[in-house]
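In terms of our numbering, the sequence shown is residues 1 to 122.
A virtual CB, placed ideally from N, CA and C, is assigned to each residue, including glycine.
Some notes on the structure that comes next.
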Amino acid sequence: FIQGSGIIHNPLFAFEKEFFDAYWKDFDKLIDYFLLDYTMDIAYETMPFVRKEIDAVPINNVNVTVMLFNLYAMKKEFPFDELMRSTFLHKLSWKVPLNLQVKGTILKEIQRRYGTYRKPKK
């Protein structure tokens, strides 16, 4: 769900851009939700530079979805601060219905610390 690189003109991103430029010329919908993942896999399997760069990234952020699946856990029973220290990026989702009225939860702590996200009106 997130990619980044400190390399200008990164070959992986150039490959993905070229792929999707060609794809969108013929299609107006994604054939599969994971199409970006598939392009990364193709690049990994066929481009030695990409394989080397991906293999050099240490395993990290293994608790990326823990917060999402514990939004209504009680803060006093959940290692919130430890999780915040051990994980630098948390995947949340606007698709999860939020009840900001429930007090003492992880969700309320996120709101207290960082504010409330409001989905833009269409």
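Whose C-alpha, out of the options, is nearest the C-alpha of residue i?
{"i": "residue 65", "options": "29, 52 and 96", "result": "96"}
{"i": "residue 107", "options": "83, 84, 91 and 68", "result": "68"}
{"i": "residue 50", "options": "57, 26, 16 and 12", "result": "12"}
{"i": "residue 34", "options": "47, 52, 48 and 1", "result": "1"}
{"i": "residue 56", "options": "75, 5, 20 and 22", "result": "5"}
{"i": "residue 83", "options": "41, 109 and 16", "result": "109"}
{"i": "residue 86", "options": "30, 63 and 52", "result": "63"}
{"i": "residue 10", "options": "40, 24, 31 and 29", "result": "40"}
{"i": "residue 76", "options": "93, 59 and 103", "result": "103"}
{"i": "residue 125", "options": "112, 42 and 59", "result": "Outside the modelled stretch of the chain, which goes from 1 to 122, sits residue 125, for which no answer is possible."}
Would you decide whether residue i is buried or exposed? Buried here means 16 or more other CB atoms lie within 10 Å of its CB.
{"i": "residue 71", "result": "buried"}
{"i": "residue 105", "result": "buried"}
Mind checking who residue i pairs with in its DSSP beta bridge?
{"i": "residue 74", "result": "105"}
Can you round the beta-carbon distance between residue i and residue j to whole angstroms, since I take them to be within the 8 Å contact cut?
{"i": "residue 54", "j": "residue 38", "result": "About 15 Å; that fails the 8 Å criterion."}
{"i": "residue 61", "j": "residue 88", "result": "6 Å"}
{"i": "residue 78", "j": "residue 47", "result": "Not confirmed; about 42 Å, so no contact."}
{"i": "residue 100", "j": "residue 116", "result": "7 Å"}
Would you kindly report the start and end of the unbroken alpha helix (DSSP H) that includes residue i?
{"i": "residue 66", "result": "Neither: residue 66 is in no alpha helix (DSSP H) and is coded neither H nor E."}
{"i": "residue 14", "result": "11-26"}
{"i": "residue 39", "result": "35-46"}
{"i": "residue 83", "result": "80-86"}
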